[in-house]
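In the numbering used here, the protein residues as written are 12 to 258.
Here is the structure:
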């Protein structure tokens, strides 16, 4: 019997959400393990201090190989599980798909970080949410203390991702422009490159779980400009039932 791979991560991580949704679409058997939980301690450690990471079974069915970083993980899964692939066969489309994935992973991540840690309402919402996601049974005072500590640390790092008084308005404008273009694109086809999702869709989706579904300021912008983007993001969580043409 083939053993399920393990996906180790957190539901508050956009990259975890990216990879979990991709596994669902690809119908790859997996078990989700919360990072830092007791179950994760029994698994091989991540090769890099990143979440998510996956632990893959070897030929003997033992969970022995850990991989981190969603892009190389996706590439490995393409080799190991050929059905319902997310990398286009056409070389030109494959390049475009890779660029779209990079755009989501890197640029939309800057949008997410900017809104989350430069806007007081978003900082309050997100830090509280993150505190209890990390420790569901924490007492209120513990949750508040962790939220305050975590928010302070993240705010101190906001310049590292390129957000400051000069670039902040440009980042916010780019989010609005992206939503407008994305909305018009979805009027013609359900995914970025056609009728089935690619890695680029999942790269954008991961960050949009925070920007569209969770954090109040970018969520309000999304609802104003593109309710369609809200619907798309929710739908992307699980496309395991989507039938695609493998020809």
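Yeah, the Cβ is synthetic: ideal placement off N, Cα and C, and Gly gets one too.
This one's a predicted model, so the numbers in the text were calculated from it and none came from an experiment.
If you compare alpha carbons, which of the options is closest to residue i?
i           : options               : result
residue 185 : 166, 222 and 206      : 222
residue 240 : 253, 203 and 180      : 203
residue 126 : 98, 82 and 173        : 173
residue 200 : 233, 160 and 243      : 243
residue 236 : 79, 191, 195 and 39   : 191
residue 54  : 78, 216, 171 and 39   : 78
residue 80  : 25, 94 and 130        : 25
residue 224 : 197, 147, 140 and 167 : 140
residue 71  : 63, 233, 106 and 14   : 14
residue 130 : 255, 226, 31 and 234  : 226
residue 64  : 84, 217 and 50        : 84
residue 90  : 31, 197, 67 and 46    : 67
residue 218 : 238, 188, 166 and 117 : 117
residue 46  : 187, 19 and 57        : 19
Short of 6 Å in beta carbon distance, which residues of its chain neighbour residue i, apart from the five on each side in sequence? Order them along the chain.
i           : result
residue 155 : none
residue 12  : Below a pLDDT of 50, predicted positions are generally treated as unreliable, and residue 12, at 49, falls in that range; no measurement from the model is reported.
residue 97  : 209 and 210
Roughly how many angstroms separate the alpha carbons of residue i and residue j, rounded to a whole number?
i           : j           : result
residue 112 : residue 213 : 7 Å
residue 48  : residue 22  : 13 Å
residue 87  : residue 231 : 37 Å
residue 17  : residue 73  : 11 Å
residue 27  : residue 195 : 28 Å
residue 211 : residue 44  : 25 Å
residue 228 : residue 137 : 11 Å
residue 220 : residue 245 : 8 Å
residue 257 : residue 95  : 7 Å
residue 158 : residue 207 : 39 Å
residue 52  : residue 177 : 43 Å
residue 148 : residue 142 : 10 Å
residue 93  : residue 255 : 13 Å
residue 189 : residue 163 : 29 Å
residue 103 : residue 153 : 51 Å
residue 233 : residue 76  : 39 Å
What are the boundary residues of the beta strand (DSSP E) that includes residue i?
i           : result
residue 227 : First-last for residue 227: 227–236, but that is the alpha helix (DSSP H), not the beta strand (DSSP E).
residue 154 : It is not in any beta strand (DSSP E) - residue 154 instead sits in the alpha helix (DSSP H) that spans 151–167.
What residue range is occupied by the uninterrupted alpha helix (DSSP H) comprising residue i?
i           : result
residue 202 : Neither: residue 202 is in no alpha helix (DSSP H) and is coded neither H nor E.
residue 127 : 120–129
residue 214 : 210–222
residue 83  : 81–91
residue 45  : It is not in any alpha helix (DSSP H) - residue 45 instead sits in the beta strand (DSSP E) that spans 41–45.
Looking at the C-beta of residue i, does it have a partner C-beta in chain C at a distance below 8 Å?
i           : result
residue 141 : No chain C is part of this structure, which consists of one protein chain only.
Leaving out the 5 sequence neighbours to the left and right, which residues in its chain are closer than 7 Å to residue i when beta-carbon positions are compared?
i           : result
residue 99  : 105, 108, 204 and 209
residue 133 : 126, 127, 226, 227 and 228
Can you list, in chain order, the residues of its chain whose CB lies under 8 Å from that of residue i, leaving out five sequence neighbours each side?
i           : result
residue 114 : 211, 214 and 215
So does the stretch 244–255 actually touch the stretch 28–36, counting three or more Cβ pairs closer than 8 Å? The way I'd put it, the stretch 244–255 does touch the stretch 28–36; three or more beta-carbon pairs between them come closer than 8 Å.
Does the pairing of the stretch 164–183 with the stretch 116–132 give three or more beta-carbon distances under 8 Å? In this structure the stretch 164–183 touches the stretch 116–132; the number of beta carbon pairs closer than 8 Å is three or more.
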